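I have placed the structure first, in the form of structure tokens, so that the comments after it can refer back to it.
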Amino acid sequence: MPSVPRGPAYAALVLTAALWGSSAVAARGLLDAIPPVALAYLRWTVVLLLLLPFAWPERAAIVATLRAHPRAYAALTLLGFAPQTCIVYFGLIGSSATLLGLLNSAIPVMIVALLAAWRGRRPRPLETTGLALSISGVAFILARGDLPALVTLRFSPSDLLLFAAMIVWALYTIKLTERPGNLSLPAFIFIGALLGELFALPLLIGEIAVRGLPSIGFTHILGVLYLGTFPTLLAMLLFTYGVVRVGPVQAGIFTHLVPVFTALLAVAILGERLQPFHAVGFVLIAGGAVLCCLRPDPVLSSRAAVRRS
Numbered sequence: 011m012p013s014v015p016r017g018p019a020y021a022a023l024v025l026t027a028a029l030w031g032s033s034a035v036a037a038r039g040l041l042d043a044i045p046p047v048a049l050a051y052l053r054w055t056v057v058l059l060l061l062l063p064f065a066w067p068e069r070a071a072i073v074a075t076l077r078a079h080p081r082a083y084a085a086l087t088l089l090g091f092a093p094q095t096c097i098v099y100f101g102l103i104g105s106s107a108t109l110l111g112l113l114n115s116a117i118p119v120m121i122v123a124l125l126a127a128w129r130g131r132r133p134r135p136l137e138t139t140g141l142a143l144s145i146s147g148v149a150f151i152l153a154r155g156d157l158p159a160l161v162t163l164r165f166s167p168s169d170l171l172l173f174a175a176m177i178v179w180a181l182y183t184i185k186l187t188e189r190p191g192n193l194s195l196p197a198f199i200f201i202g203a204l205l206g207e208l209f210a211l212p213l214l215i216g217e218i219a220v221r222g223l224p225s226i227g228f229t230h231i232l233g234v235l236y237l238g239t240f241p242t243l244l245a246m247l248l249f250t251y252g253v254v255r256v257g258p259v260q261a262g263i264f265t266h267l268v269p270v271f272t273a274l275l276a277v278a279i280l281g282e283r284l285q286p287f288h289a290v291g292f293v294l295i296a297g298g299a300v301l302c303c304l305r306p307d308p309v310l311s312s313r314a315a316v317r318r319s
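Our numbering puts the first residue of the sequence shown at 11, with every later residue one more than the last.
Here you go:
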């Protein structure tokens with residue numbers, strides 16, 4: 011297997027977590043005015059328009075890849091693009107940001123569990139220790155330093171929907187290392203965005219039939235443009251780049267940084283104060299991520315690692 015530099019991949023995954031940390035706040039505000047399917051659809055439409063100039067030169071390769079691997083790309087689309095975004099937004103309407111952060115931080119554990127059940131991959135001691143350390147840090151932040159408060163959480167249907175969305179994303183992260191073909195990352199994400207729009211179209215039609223067309227103002231347009239450009243397109247490019255180079259387990263651990271960046275953004279943008287429990291949680295999360303990244307992940311295939319990006 012050729013040696014693949016991991017430093018740039020780790021940097022890409024940290025930036026991905028920062029972008030995702032801003033996404034929940036922006037999306038939650040927009041959902042007050044734009045229904046969930048419409049918001050997901052608009053978000054991915056922005057991605058399509060931005061990627062079109064880059065994907066157009068590869069149109070012949072895109073068509074050939076879809077003809078050769080229709081099931082694989084349909085599965086990737088359902089797991090990681092507009093349909094999965096719809097599930098998140100449906101759940102986010104009736105759930106809390108605190109629980110969303112807690113469930114999001116469970117993705118690395120889900121990845122390890124799914125790999126063990128699906129492929130028989132046993133987690134290494136360092137990975138197990140790192141995951142436990144990071145989860146402790148996330149829980150400490152979400153509980154605001156009062157860990158017994160976590161046992162008082164009650165789960166609503168919206169909460170369970172968010173949990174399902176996290177499982178779907180964990181599956182996507184694993185399948186991402188197996189994406190067939192030799193397309194560039196922009197072309198790959200263009201395919202997912204396009205198919206995702208098609209798969210979500212019946213949901214959009216049903217939502218419009220029930221709720222009518224949303225009333226969108228200039229501020230909403232700016233919010234949708236931000237969601238489509240940064241937490242969606244740029245984050246997907248960076249996340250895919252990271253996963254194919256370090257594997258799903260190490261990439262998944264970086265989702266623990268999402269609540270960290272959410273808290274930091276709240277301090278910088280909303281004027282909230284950084285508390286001692288934030289600092290303790292940050293240290294635990296960072297320590298766990300470092301432990302998980304001390305050894306390469308053999309799940310990564312050399313074909314995926316050297317694929318054109």
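Even glycine gets a Cβ: it sits at the ideal position worked out from N, Cα and C. All of these numbers come straight from a predicted model, not from anything done at the bench.
Could you compute how far the alpha carbon of residue i sits from the alpha carbon of residue j?
{"i": "residue 173", "j": "residue 16", "result": "30 angstroms"}
{"i": "residue 153", "j": "residue 159", "result": "6 angstroms"}
{"i": "residue 314", "j": "residue 238", "result": "Confidence is the limiting factor: at residue 314 the pLDDT is only 41, short of 50, which leaves the residue's position unreliable, though a coordinate-based value still follows. Distance between the alpha carbons of residue 314 and residue 238: 26 angstroms."}
{"i": "residue 261", "j": "residue 70", "result": "31 angstroms"}
{"i": "residue 250", "j": "residue 121", "result": "15 angstroms"}
{"i": "residue 268", "j": "residue 201", "result": "26 angstroms"}
{"i": "residue 81", "j": "residue 75", "result": "11 angstroms"}
{"i": "residue 380", "j": "residue 285", "result": "Because residue 380 is not part of the residues shown, which for the chain are 11 to 319, the question remains open."}
{"i": "residue 83", "j": "residue 204", "result": "11 angstroms"}
{"i": "residue 103", "j": "residue 22", "result": "29 angstroms"}
{"i": "residue 48", "j": "residue 29", "result": "21 angstroms"}
{"i": "residue 312", "j": "residue 36", "result": "With a pLDDT of only 35 at residue 312, under the threshold of 50, the placement of this residue in the model should not be trusted, and no figure is reported."}
{"i": "residue 210", "j": "residue 93", "result": "6 angstroms"}
{"i": "residue 184", "j": "residue 247", "result": "16 angstroms"}
{"i": "residue 277", "j": "residue 243", "result": "25 angstroms"}
{"i": "residue 295", "j": "residue 73", "result": "42 angstroms"}
{"i": "residue 77", "j": "residue 161", "result": "50 angstroms"}
{"i": "residue 255", "j": "residue 222", "result": "44 angstroms"}
{"i": "residue 264", "j": "residue 224", "result": "35 angstroms"}
{"i": "residue 194", "j": "residue 53", "result": "21 angstroms"}
{"i": "residue 292", "j": "residue 219", "result": "45 angstroms"}
By DSSP, does residue i sit in helix, in strand, or in coil?
{"i": "residue 145", "result": "helix"}
{"i": "residue 299", "result": "helix"}
{"i": "residue 221", "result": "helix"}
{"i": "residue 43", "result": "coil"}
{"i": "residue 151", "result": "helix"}
{"i": "residue 130", "result": "coil"}
{"i": "residue 32", "result": "helix"}
{"i": "residue 10", "result": "A question about residue 10 goes unanswered here, because the residues of the chain that appear run from 11 up to 319."}
{"i": "residue 269", "result": "helix"}
{"i": "residue 255", "result": "helix"}
{"i": "residue 226", "result": "coil"}
{"i": "residue 284", "result": "coil"}
{"i": "residue 116", "result": "coil"}
{"i": "residue 67", "result": "helix"}
{"i": "residue 304", "result": "coil"}
For residue i, does the count of other Cβ atoms within 10 angstroms reach 16, so buried, or fall short, so exposed?
{"i": "residue 32", "result": "buried"}
{"i": "residue 128", "result": "exposed"}
{"i": "residue 190", "result": "exposed"}
{"i": "residue 229", "result": "exposed"}
{"i": "residue 169", "result": "buried"}
{"i": "residue 165", "result": "exposed"}
{"i": "residue 66", "result": "exposed"}
{"i": "residue 192", "result": "exposed"}
{"i": "residue 283", "result": "exposed"}
Flag residue i as yes if its beta-carbon sits less than 8 angstroms from any beta-carbon of chain C, otherwise no.
{"i": "residue 241", "result": "Looking at the structure shown, chain C is missing, and only one protein chain is on hand."}
Entirely enclosed alpha helix (DSSP H) segments - the segment 161–212, minimum 4 residues: As far as the segment 161–212 is concerned, its whole alpha helix (DSSP H) runs of at least 4 residues are 167–185.
4-residue-minimum alpha helix (DSSP H) runs that sit fully inside the segment 77–112, ordered along the chain: Entirely contained in the segment 77–112, the alpha helix (DSSP H) runs reaching 4 residues are, in chain order, 80–90 and 92–103.
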